[in-house]
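Novice: In this text, residue positions in the sequence shown follow my numbering: the first is 3, and each later residue adds one.
By construction, the Cβ of each residue, glycine as well, lies at the ideal position given by its N, Cα and C atoms.
Input: one structure, supplied below.
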Amino acid sequence: MIQPAWRGDLHAYLGGIIRTADGIAESIGGVSDHVHLLIGLRATHRLADVIRELKAVSSGWVHNEIGTRGFAWQEGYGAFTVSASQREAVRQYIEQQAEHHRTRTFREEYLELLRRSGVEFDERYL
3 MIQPAWRGDL HAYLGGIIRT ADGIAESIGG VSDHVHLLIG LRATHRLADV IRELKAVSSG
63 WVHNEIGTRG FAWQEGYGAF TVSASQREAV RQYIEQQAEH HRTRTFREEY LELLRRSGVE
123 FDERYL
């Protein structure tokens, strides 16, 4: 689990990984069991490669810098495109994660996003 004591540092570190990969980290936030990233990638980026690098490098950072050896990201990820007209709404949504999750679980939130977006999903990754 992502602990409140180092959550902000993790989010900052994730932003650094994105910038190092020549991406744009617009907003990063989350709660104890997941993160949301609003990022800009170039056409030459392969999303799966960016996520693989993000997970590998950040896991190493948590293990080495925080000392939490048991930390691991889940297998898989969810990714959605966001139109320019919706970026500010998504940014606010990310910034209000703690408040948002007082009324619904991550699973409920994720299922709603998938269904609303018409995305097929594999139950193993929920």
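Run through the DSSP bridge pairs and tell me what S29 is partnered with.
Specialist: According to DSSP, which records beta bridges pairwise, S29 is partnered with L40.
Novice: Counting only runs that start and end within the segment 44 to 128, where is the alpha helix (DSSP H) found for 4 or more residues in a row?
Specialist: If we require 4 residues or more, the alpha helix (DSSP H) runs fully inside the segment 44 to 128 come out as 49 to 63, 89 to 97, 99 to 102 and 108 to 119.
Novice: With a Cβ-Cβ cutoff of 8 Å, do E2 and A23 count as a contact?
Specialist: The first residue shown for the chain is 3 and the last is 128, placing residue 2 beyond what the model contains.
Novice: Give the straight-line distance between the Cα atoms of R126 and R109, rounded to the nearest whole angstrom.
Specialist: So the two alpha carbons sit approximately 12 Å from each other.
Novice: Do you know how far the Cα of R21 is from the Cα of G80?
Specialist: Whole-angstrom Cα-Cα distance: 20 Å.
Novice: Enumerate in chain order the residues of its own chain whose CB-to-CB distance from W63 is below 6 Å, with the five nearest sequence positions on each side excluded.
Specialist: Excluding residues within five positions, the ones whose Cβ falls inside 6 Å are Y15.
Novice: Which term fits V52, buried or exposed, when burial requires 16 or more other beta carbons within 10 angstroms of its beta carbon?
Specialist: Buried is the call here.
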